[in-house]
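Take a look at the structure below.
2 protein chains.
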Amino acid sequence: MTGAGAAGELESARVTRILRDDIILGRRAPGSRLVERDIAAELNVSRLPVREAIRALVGEGIVISRPRTWAVVREFTHRDVQDFGEVREAIETLIFVFAAQRHDEAGLARVRGAYERERAAAENGDVDAARTAAAEFHEIVADLAGNEMLSELIGVFVTRLRWLFGQHDDLSAMAEEHRVILAALEARDAESLRRIIPLHLAGGQEAALRRLANGNYSI
Amino acid sequence: MTGAGAAGELESARVTRILRDDIILGRRAPGSRLVERDIAAELNVSRLPVREAIRALVGEGIVISRPRTWAVVREFTHRDVQDFGEVREAIETLIFVFAAQRHDEAGLARVRGAYERERAAAENGDVDAARTAAAEFHEIVADLAGNEMLSELIGVFVTRLRWLFGQHDDLSAMAEEHRVILAALEARDAESLRRIIPLHLAGGQEAALRRLANGNYSI
DNA sequence: GACGGCCGCTTGGGATACCAAAAGTTGGGA
DNA sequence: TCCCAACTTTTGGTATCCCAAGCGGCCGTC
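These protein sequence lines map, in sequence, to chains Y and Z. The opening position of the first sequence corresponds to residue 38 in the numbering used here, with each subsequent residue numbered one higher. The opening position of the second sequence corresponds to residue 38 in the numbering used here, with each subsequent residue numbered one higher.
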């Protein structure tokens with residue numbers, strides 16, 4: 038999900054990446070403790086990089102920390118997922134509308150590339166590749182929106198986004214929806230996008246709520 | 038703006054508050070260096086709380102930090118303010134529409150209270166009190182929107198919001214706009230709010246761009 | 001047996017000292 | 001004037017130590 042890690046990568050960034058992946062991939066369950074000393078020992082680093090990593094993950098909204106006690110992996114409630122869905126809908130709609138107004142041919146080509154990769158992966162049943170390409174589809178469009186602050190905003194939410202909403206089941210349905218969205222984007226049809234995007238996101242929302250009911254994000 | 042500081046306040050929180058106020062009040066200019074050792078010596082703390090404070094302010098978007106070199110107070114460009122304004126418009130509109138749909142009588146009373154305080158302060162020409170009440174007006178409405186994620190989102194942006202857009206000049210015009218907004222809120226008139234809020238924010242946006250042109254947010 | 005308070009253990013917050021690596025600065029030479 | 005190399009500054013990280021605040025189990029009481 039985040040690559041192998043650059044050569045000159047900071048220790049704190051490495052630790053952040055490891056803990057983030059542990060959480061998203063379920064190796065650290067929601068509600069489980071994150072004890073600085075223990076993690077430092079596990080990863081053979083001092084407490085400092087661990088502290089910074091935990092702070093970073095608090096910022097990404099997937100860890101909860103209260104002063105002078107251990108931090109815990111965040112547990113999401115039904116309500117949290119609903120609230121998050123509302124916010125997500127507003128932001129994504131904004132992104133796609135802006136992208137429809139401002140995209141250029143080069144950017145559009147990048148979106149098409151992501152779509153083609155997603156479609157091919159869906160056909161071959163390659164789940165991971167399809168999900169990755171789908172995530173890239175949204176990332177590239179966010180780029181095309183041409184608004185730095187919007188990108189910063191997404192940066193705050195993207196980890197939660199992947200954790201909660203990134204695991205689609207019906208790959209070809211998702212690819213088909215992206216095809217329709219891509220067409221509206223090419224036609225600069227903002228009105229259609231305002232209608233389509235909420236529908237598109239509703240699917241992932243339902244899947245997230247289903248997984249939540251099965252106890253995937255809370256203990 | 039942030040109060041006197043609780044008794045059991047963490048050092049890192051204290052340092053964060055001091056640096057934040059220094060920046061917002063202009064005592065540390067955009068582009069100026071934030072050197073850990075120097076700040077630690079100034080405030081009689083070790084480098085640790087200073088490091089955490091700088092990280093926190095990076096998270097709040099008012100400090101820029103690159104690896105292995107000093108952090109600097111962020112300089113906002115004309116473009117940044119425009120981008121920020123677009124995002125702000127979308128989020129605030131969402132907040133007011135949700136608040137219109139979901140408010141209860143108790144919450145409405147709190148909004149009315151903030152409005153009354155703002156109007157009184159504006160009449161008396163008390164600039165600080167009027168600005169504080171105006172900020173509270175928006176905070177309370179955000180509460181009424183009843184969406185935790187939205188509140189988290191605002192938390193990320195609120196410092197920038199106050200820095201860039203918090204300094205209104207025409208106090209009574211601002212209070213009057215809040216009166217109209219309050220009325221629409223009471224009537225649960227979401228459609229009017231979708232029209233009014235962008236206009237309301239446009240004023241602060243222009244003021245921010247004017248101050249930017251006069252060199253208040255960049256060196 | 002349930003409840004509540006006390007006490008010891010755990011844990012994070014902070015201080016201090018030191019080191020390595022990378023970035024920034026400066027001055028001299030082509 | 002421009003560029004490179006030496007020097008300086010600064011952060012990122014390690015290793016220890018200490019303290020105070022939470023947490024949780026134990027024990028006595030009702």
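Where a beta carbon is used, it is the ideal one built from N, C-alpha and C, also for glycine. Note that this is a predicted model, so its numbers are computed, not measured.
Taking DSSP as the reference, what is the three-state secondary structure of Arg70(Y)? The residue you call residue 70(Y) lines up with position 33 of the first sequence. Three-state DSSP puts Arg70(Y) in a strand.
Cα-Cα, which of Gly122(Y), Ala210(Y) and Ala93(Y) is closest to Val110(Y)? Here residue 110(Y) corresponds to residue number 73 of the first sequence, with the count starting at 1. Minimum Cα distance to Val110(Y) is reached at Ala93(Y).
Distance cutoff 7 Å, beta carbons only. Does Gly241(Z) sit that close to anything in chain Y? The residue given as residue 241(Z) occupies position 204 in the second sequence. It does not: the Cβ of Gly241(Z) has no partner Cβ on chain Y nearer than 7 Å.
Exposed or buried, which one is Asp120(Z) when buried takes at least 16 other CB atoms within 10 Å? Counting from one through the second sequence, the residue named residue 120(Z) turns up at place 83. Asp120(Z) should be labelled buried.
Going by alpha carbons, who is nearest to Arg225(Y) out of Asp59(Y), Glu126(Y) and Phe133(Y)? For the purposes of this step, residue 225(Y) is identified with residue 188 of the first sequence, where counting begins at 1. That would be Phe133(Y), whose Cα lies nearest to the Cα of Arg225(Y).
Check the C-beta distance from Ile177(Z) over to Ala151(Z) and give it rounded, since I have them as a contact under 8 Å. The count along the second sequence starts at 1 and reaches residue 177(Z) at position 140. The count along the second sequence starts at 1 and reaches residue 151(Z) at position 114. Indeed they touch by this definition, with Cβ atoms about 6 Å apart.
Are the C-beta of Leu187(Z) and some C-beta of chain Y separated by less than 7 Å? By one-based count along the second sequence, residue 187(Z) stands at place 150. Yes, because at least one Cβ of chain Y sits closer than 7 Å to the Cβ of Leu187(Z).
Skipping 5 residues on each side, what residues in its chain have a beta carbon closer than 8 Å to that of Leu230(Y)? Here residue 230(Y) refers to the residue found at position 193 of the first sequence. Result list for Leu230(Y): Thr130, Phe133, Val134, Ala137, Ile218, Ala221 and Leu222, in chain order.
Between Ile91(Y), Arg65(Y), Leu62(Y) and Phe113(Y), which has its C-alpha nearest Thr106(Y)'s C-alpha? Mapped onto the first sequence, residue 106(Y) falls at position 69. If we check each option's Cα against that of Thr106(Y), Ile91(Y) comes out closest.
Alpha carbons only, please: which of Glu243(Z), Val124(Z), Ala146(Z) and Met186(Z) is nearest the one belonging to Thr114(Y)? Sequence index remark: in the first sequence, residue 114(Y) carries index 77 (1-based). Ranking Glu243(Z), Val124(Z), Ala146(Z) and Met186(Z) by Cα distance to Thr114(Y) puts Met186(Z) first.
If Leu238(Y) sits next to Arg125(Y), beta carbons under 8 Å apart, how far is it from one beta carbon to the other, in whole angstroms? Taking the first sequence and counting its residues from 1, one reaches residue 238(Y) at position 201. Taking the first sequence and counting its residues from 1, one reaches residue 125(Y) at position 88. Indeed, because the Cβ distance is near 6 Å, the residues count as touching under 8 Å.
Considering Val109(Z), what are the terminal residues of the beta strand (DSSP E) in which it resides? In the second sequence, counting from the first residue as 1, residue 109(Z) sits at position 72. Here the beta strand (DSSP E) through Val109(Z) covers Ala108 to Val110.
Val193(Y) touches chain Z at which residues, Cβ-Cβ below 7 Å? Here residue 193(Y) corresponds to residue number 156 of the first sequence, with the count starting at 1. Within 7 Å Cβ-Cβ: Val193.
What residue range does the alpha helix (DSSP H) around Ile233(Z) cover? Here the question's residue 233(Z) lines up with position 196 in the second sequence. First-last of the alpha helix (DSSP H) with Ile233(Z): Ala227 to Ala250.
Give me the Cβ distance between Arg257(Z) and Gly183(Z), rounded to the nearest whole Å; I'm assuming they're in contact under 8 Å. Chain Z is shown only over 38 to 256; residue 257(Z) falls outside these bounds and no answer can be derived.
Go ahead and pull the three-state DSSP assignment for Ile101(Z). One-based indexing of the second sequence puts residue 101(Z) at position 64. Correct three-state label for Ile101(Z): strand.
Does the Cβ of Asp58(Y) lie closer than 6 Å to at least one heavy atom of the ligand FMN? In the structure shown, the ligand FMN is absent, as is every other ligand, since no ligand is present at all.
Which of the three DSSP states is assigned to Val254(Y) in this structure? Position 217 of the first sequence, counted from the first residue, corresponds to residue 254(Y). Just to set this straight, residue 254(Y) is Tyr in the shown sequence, not Val. It is coil, neither helix nor strand.
Tell me the rounded alpha-carbon separation between Arg64(Y) and Glu97(Z). In the first sequence, counting from the first residue as 1, residue 64(Y) sits at position 27. In the second sequence, counting from the first residue as 1, residue 97(Z) sits at position 60. Computed Cα separation, rounded: 30 Å.
Chain Y within 7 Å of Pro30(Z), Cβ atoms only: Residue 30(Z) falls outside the range modelled here, since chain Z spans only 38 to 256, and no answer is possible.
Where does Ser83(Z) fall in DSSP's three states? Here the question's residue 83(Z) lines up with position 46 in the second sequence. Coil, per DSSP.
Using only CA atoms, which one of Leu181(Z), Asp207(Z), Gly122(Z) and Glu189(Z) lies nearest to Asp163(Z)? The residue you call residue 163(Z) lines up with position 126 of the second sequence. It is Asp207(Z) whose Cα lies nearest to the Cα of Asp163(Z).
Please state whether DSSP places Asp58(Z) in a helix, a strand or coil. Stepping through the second sequence from its first residue, residue 58(Z) is reached at position 21. Asp58(Z): helix per DSSP, three-state reduction.
In chain order, what residues of the same chain lie with their CB nearer than 7 Å to the CB of Gly45(Z), ignoring the 5 residues before and after it? To locate residue 45(Z), count along the second sequence from 1; it is residue 8. Result list for Gly45(Z): empty, nothing under 7 Å.
Does the Cβ-Cβ distance between Val118(Y) and Leu249(Y) come in under 7 Å? Walking along the first sequence from the start, residue 118(Y) turns up at place 81. Walking along the first sequence from the start, residue 249(Y) turns up at place 212. Cβ distance < 7 Å, so Val118(Y) and Leu249(Y) count as in contact.
In the structure shown, what three-state DSSP assignment does Leu198(Y) receive? For the purposes of this step, residue 198(Y) is taken as the residue at position 161 of the first sequence. Helix at Leu198(Y).
According to DSSP, is Gly192(Z) part of a helix, a strand, or is it coil? The count along the second sequence starts at 1 and reaches residue 192(Z) at position 155. Helix, per DSSP.
Would you call the CB atoms of Arg84(Y) and Ala77(Y) closer than 7 Å? In the first sequence, the residue the question calls residue 84(Y) occupies position 47. In the first sequence, the residue the question calls residue 77(Y) occupies position 40. Their beta carbons are under 7 Å apart, which means Arg84(Y) touches Ala77(Y) by this criterion.
Within 7 Å, strictly: CB atoms of Ala257(Z) and Ala166(Z): Outside the displayed range of chain Z (38 to 256) lies residue 257(Z), so it cannot be described from this structure.
I think Val193(Y) touches Val193(Z), with their Cβ atoms under 8 Å apart; what is that distance to the nearest whole Å? Here residue 193(Y) refers to the residue found at position 156 when the first sequence is read from its first residue. Here residue 193(Z) refers to the residue found at position 156 when the second sequence is read from its first residue. About 5 Å; that satisfies the 8 Å criterion.
Could you have a look at Met38(Z) and say whether DSSP puts it in helix, strand or coil? The residue labelled residue 38(Z) in the question sits at position 1 within the second sequence. Confidence at Met38(Z) is low in this model, with a pLDDT of 48, below 50, so the placement of that residue is unreliable and no value is reported for it.
Rounded to whole angstroms, what's the CA-CA distance from Gly68(Y) to Gly241(Z)? Just pull it up for me. Locating residue 68(Y) in the first sequence gives position 31, counting from the first residue. Locating residue 241(Z) in the second sequence gives position 204, counting from the first residue. Cα-Cα distance, rounded: 42 Å.
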